[in-house]
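**Q** The structure is given below, and queries will be raised subsequently.
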Amino acid sequence: MFRRKQQNVQEIDPAQRDAKVNELRTALGPLSGRKAKYCTDGCLRRYLEARNWNVDKAAKMLEETLKWRATYKPEQTRWHEIAHEGETGKVFRANFRDRAGRTVLIMRPGMQAVKYFLDPKTSQKVKFVYPNKKESVELMSSLFDADNLPKEFGGKATLQYDHDEFSRLMAQDDVRTAKFWGSDEKPVPISSSLAVNQVAPEPLPLAPAAS
Numbered sequence: 001m002f003r004r005k006q007q008n009v010q011e012i013d014p015a016q017r018d019a020k021v022n023e024l025r026t027a028l029g030p031l032s033g034r035k036a037k038y039c040t041d042g043c044l045r046r047y048l049e050a051r052n053w054n055v056d057k058a059a060k061m062l063e064e065t066l067k068w069r070a071t072y073k074p075e076q077t078r079w080h081e082i083a084h085e086g087e088t089g090k091v092f093r094a095n096f097r098d099r100a101g102r103t104v105l106i107m108r109p110g111m112q113a114v115k116y117f118l119d120p121k122t123s124q125k126v127k128f129v130y131p132n133k134k135e136s137v138e139l140m141s142s143l144f145d146a147d148n149l150p151k152e153f154g155g156k157a158t159l160q161y162d163h164d165e166f167s168r169l170m171a172q173d174d175v176r177t178a179k180f181w182g183s184d185e186k187p188v189p190i191s192s193s194l195a196v197n198q199v200a201p202e203p204l205p206l207a208p209a210a211s
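Now the structure itself:
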């Protein structure tokens, strides 16, 4: 499934969008520390788009996210704490990007009925594709290079998941994340046996991020 631009989004020109971003930043008031790092112009634009460029609604949504982040501190979560969740490869970051250079997530959790769990507004942005439908094949071809895309998604590549290799990459991401948020950390070695023996932590409530 893929997120698609909502068709009934208010059409405004770039200058108006910039003005809306500035208006939203003013509505949020002074920000410091990690809140300021999170609220980039790009972040503000995503929240505005999620609320059809309504500044008041976007501000409320973003403020709820900031409260959630202040409580649960997701930026402090490290791969070694959740590595056991990725052992089966049900969700992982692909080793290729789409034609626009964007990061690709592979999801294989058996989500046949996932549409029924989506918010109606969010479901309008999701496009379900099927390997036996011409429209789906054309859509996938427009988004991905067939040589990179796994066969099970209509491409030519072989999909393989190496948990140890993926853990190594995620540990590197932890270092970059820590640097971005202003903490100095080194990656924690991950082994399959460690991941199996760890006790799964309590799941965190979902943040009200832009959808």
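Counting along the sequence shown from 1, when you hit position 145 you're at 145 in UniProt numbering, and nothing is skipped either side.
Glycine included, C-beta positions come from ideal geometry on N, C-alpha and C.
1. Keeping to the same chain, check which residues put their C-beta closer than 6 Å to that of residue 131; ignore five residues upstream and five downstream.
2. Looking at the structure shown, is residue 180 part of a helix, part of a strand, or coil, going by DSSP?
3. Which residues does DSSP list as the beta-bridge partners of residue 128?
4. Taking only runs that begin and end inside the stretch 32 to 71, name each unbroken alpha helix (DSSP H) of 4 or more residues, in chain order.
5. Using the C-alpha atoms, what's the distance from residue 159 back to residue 152?
6. Pull up the distance between the alpha-carbon of residue 12 and that of residue 62, whole angstroms please.
7. Only counting the same chain, and skipping five residues up and downstream in sequence, which positions put a Cβ closer than 8 Å to that of residue 27?
8. Compute the distance between the beta-carbons of residue 157 and residue 147, then report whether it is under 8 Å.
9. By how many angstroms is the C-alpha of residue 39 removed from the C-alpha of residue 30?
10. According to DSSP, is residue 26 part of a helix, a strand, or is it coil?
11. I want to see whether chain D comes within less than 8 Å of residue 100, judged by CB atoms only; does it?
12. Could you check if residue 50 is buried or exposed, using at least 16 other CB atoms within 10 Å of its CB as the buried criterion?
13. Going by alpha carbons, who is nearest to residue 52 out of 24, 142, 86?
14. For residue 41, tell me which candidate among 64, 17, 72 has the shortest Cα-Cα distance.
15. Enumerate in chain order the residues of its own chain whose CB-to-CB distance from residue 169 is below 8 Å, with the five nearest sequence positions on each side excluded.
16. What does the alpha-carbon distance come out to for the pair residue 81 and residue 122?
17. Between the alpha carbons of residue 174 and residue 166, how many angstroms are there, rounded?
18. Would you mind reading off the limits of the alpha helix (DSSP H) that contains residue 105?
19. Would a C-beta distance cut-off of 8 Å place residue 145 and residue 99 closer than the cut-off?
20. If we count the other Cβ atoms within 10 Å of its Cβ and call it buried at 16 or more, is residue 20 buried or exposed?
21. Going by beta-carbon coordinates alone, are residue 89 and residue 161 separated by less than 8 Å?
**A** Let's see:
1. 154
2. helix
3. DSSP output for residue 128 lists no bridge partner at all.
4. 33 to 38, 41 to 50
5. 8 Å
6. 21 Å
7. 55, 56, 59
8. yes
9. 11 Å
10. helix
11. The displayed structure is made up of one protein chain only, and chain D is not part of it.
12. buried
13. 24
14. 17
15. 93
16. 29 Å
17. 12 Å
18. Note, residue 105: premise wrong, no alpha helix (DSSP H); beta strand (DSSP E) at 103 to 107.
19. yes
20. buried
21. yes
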